[in-house]
Every structure is written in C-alpha cells, then in structure tokens.
Amino acid sequence: MRKIIITIDGYSSCGKSTLAKQLAKKLNYTYIDSGAMYRAVTLYFIQNRVDWLAPEKVHEALGNIHLEFVQNSLTGLGEMNLNGENVEHTIREMIVAEKVSEVAAVREVREFAVAQQKKMGTRKGIVMDGRDIGTVVFPHAELKIFMTAEIAIRVQRRFKELYEKNKNITLDEVKQNLELRDYIDANREISPLRKAEDAIILDNSHLTHDDQLQLVMQWVEDATMAHSS
Ligand code: CDP
Ligand code: CDP
Numbered sequence: 004m005r006k007i008i009i010t011i012d013g014y015s016s017c018g019k020s021t022l023a024k025q026l027a028k029k030l031n032y033t034y035i036d037s038g039a040m041y042r043a044v045t046l047y048f049i050q051n052r053v054d055w056l057a058p059e060k061v062h063e064a065l066g067n068i069h070l071e072f073v074q075n076s077l078t079g080l081g082e083m084n085l086n087g088e089n090v091e092h093t094i095r096e097m098i099v100a101e102k103v104s105e106v107a108a109v110r111e112v113r114e115f116a117v118a119q120q121k122k123m124g125t126r127k128g129i130v131m132d133g134r135d136i137g138t139v140v141f142p143h144a145e146l147k148i149f150m151t152a153e154i155a156i157r158v159q160r161r162f163k164e165l166y167e168k169n170k171n172i173t174l175d176e177v178k179q180n181l182e183l184r185d186y187i188d189a190n191r192e193i194s195p196l197r198k199a200e201d202a203i204i205l206d207n208s209h210l211t212h213d214d215q216l217q218l219v220m221q222w223v224e225d226a227t228m229a230h231s232s
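Going by my numbering, the final residue of the sequence shown carries number 232, and the count climbs one at a time with no gaps.
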C-alpha cells in the first residue's frame, strides 16, 4: 500500500501518542513525537538556567542543543536524545511539564523544532503528533486527525501514568497543568493549537485503544486510496 503522512494534533493527554504508536506499528510507519523535542529543549533550558524570555540567550542555547531520536531496539520506537544523552523518561517529569508550554511559545524555539520536523517528513510513512503538525509542519499531509477527550477523562489518564512513578502527585496538580498547557498552547501568538480545516475530529473519551485504532485504520485506507490516483 502507498505510504502517506498522518498528522495527529490535539489537547494534552487525550491519547495522541498512543494512537500514533498503534498506527506506526500496524502500518510499519515511523512515529515522531514532536512534543518530545519541545520537552527536551525545556529540560536543557532548566538544567542550564537559560532565560527563555531573552532572545539572545535562547539563540545561543539552541546553538548548543543537538536533538536526535534514537531507536530502542526492543520497542522499535525512537527515544529522545539530548546532546547524546537519553532523556526519554526525564522529559515526562512534572518539572518539565510545568514549563514546556512557555518554552514552546518562543518563536526561535518553534523555528528550531519545526525545521527539523519538516526534514523528517521528506520520506512518506510518517505519523507525527503534536499541536501544529497538520497546520504548520505538514499542511499537505494526506490524513490529519484532531484529537480530543473530556477534560476529566484526560486528567484521570495522565494522573494514572504519573502516579505509577510518583505517589506524591495529586489529581488537582495534573488537572491544573493540563488546563494551563491547553490554554497557553491554544492562545499563543505563533502557530497556536488549532484544528486544520481538513482535519477529522476524533473524540476518544469513550473509546478503547482497539476501538480508536479500528476507526482510524479505515480513515487511513480511505486517505491512501484518495491519494493514490
Ligand atoms: O503528551 P502531552 O499531551 O502531555 O504533551 P506533548 O505532546 O509531550 O507536548 C508537550 C508540550 O509541547 C505541549 O503542551 C506544547 O506546549 C508543546 N508542543 C508544541 O507546542 N507543539 C508541538 N507540535 C508539540 C508539542
Ligand atoms: O499523547 P497524548 O498526551 O495526547 O496522550 P497519551 O500519552 O497517548 O495518552 C494518555 C493516556 O491515555 C495513556 O495512559 C493512554 O493509555 C490513555 N488512553 C486511554 O486510556 N484510552 C484511549 N482511547 C487513549 C489513551
């Protein structure tokens, strides 16, 4: 079957990366987690005390950041490496989640990440998730999905994940973080979170992992057929 580009945008913690990984596995596509790049830049800024509101400091710091997805031989998935160090787990911590949306709103940071993301799409057979993938990174993608789920459900899902690693985390803390990030992401000046006009909405509040995959596989088939002539 001809390969296409699939974009998945949407709010925090609604299941974008879960769906993207399911699709990549089923279709033998490459999954790219664009959020991991913003999280890694944020981690670097925190560790090196970079003031992201000072353009010259941001410019200098970005010159020292090398991001790379290195394939995990067991899972087959790319893991985020920051200057040669695997930070896949560290970037999911709350200390990064608390700042990432502020950092991702900085123009030069977005230009830095988007330029690399566009290069990754020169080959088809890509599924990339994020906030601006269907609108800015791959505006000509063959299949665009805009995901959403009820806030209470998203909070429960993310809380469950974080609680496994940190028993001190509270539901309220997770809720505040998701709401704040959604607000900043949807209201920033540069490439805010928006549904692309030609994106299909997927509300997975009450869908299981299998349900969502089955539904979207049909969309993939349709998009592939529509673009193969
Ligand atoms: O997985 P989760 O929904 O928590 O977020 P993520 O995809 O890891 O993204 C973390 C943050 O990076 C988002 O809240 C956005 O601020 C930013 N981001 C972005 O601005 N543009 C993207 N394409 C991807 C992420
Ligand atoms: O990438 P994003 O932040 O949008 O979300 P995710 O990390 O893929 O999913 C957040 C959590 O929701 C994960 O623990 C998923 O297993 C869970 N999830 C779910 O329970 N039901 C779905 N239909 C999709 C995701």
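In this text, a Cβ means the ideal position worked out from N, Cα and C, and glycines have one as well. These figures come from a predicted structure and were not determined experimentally.
Measure the alpha-carbon distance for residue i versus residue j and round it to whole angstroms.
i: Asp185; j: Asp206; result: 16 Å
i: Trp55; j: Arg134; result: 20 Å
i: Lys178; j: Glu200; result: 29 Å
i: Asn169; j: His230; result: 46 Å
i: Lys29; j: Pro58; result: 42 Å
i: Ile148; j: Asn190; result: 20 Å
i: Thr227; j: Asn171; result: 46 Å
i: Thr10; j: Leu65; result: 26 Å
i: Ser194; j: Thr125; result: 21 Å
On the CB-based measure, 16 or more other CB atoms within 10 Å of its CB, does residue i come out buried or exposed?
i: Arg52; result: exposed
i: Ala39; result: buried
i: Ile98; result: exposed
i: His221; result: As written in the sequence, residue 221 is Gln, which differs from the His given in the question. So Gln221 counts as exposed.
i: Gln50; result: exposed
i: Ile204; result: exposed
Contact defined as beta carbons within less than 8 Å: I believe residue i pairs with residue j. What is the distance between those atoms, to the nearest angstrom?
i: Ser208; j: Ala144; result: 25 Å between Cβ atoms; not a contact.
i: Lys24; j: Leu80; result: 7 Å
i: Ala202; j: Gly128; result: That pair is no contact at about 20 Å.
What residues are listed by DSSP as bridge partners for residue i?
i: Ile8; result: Ile129
i: Ile35; result: Met131
i: Lys121; result: DSSP output for Lys121 lists no bridge partner at all.
Report the residue ranges of all beta strand (DSSP E) runs contained in full by the stretch 161–211; include only those spanning at least 3 residues, in chain order. Entirely contained in the stretch 161–211, the beta strand (DSSP E) runs reaching 3 residues are, in chain order, 203–206.
Can you list the beta strand (DSSP E) stretches of 3 or more residues lying completely in the stretch 61–93, in chain order? Taken in chain order, the complete beta strand (DSSP E) segments of 3 residues or longer contained in the stretch 61–93 are 70–74 and 81–85.
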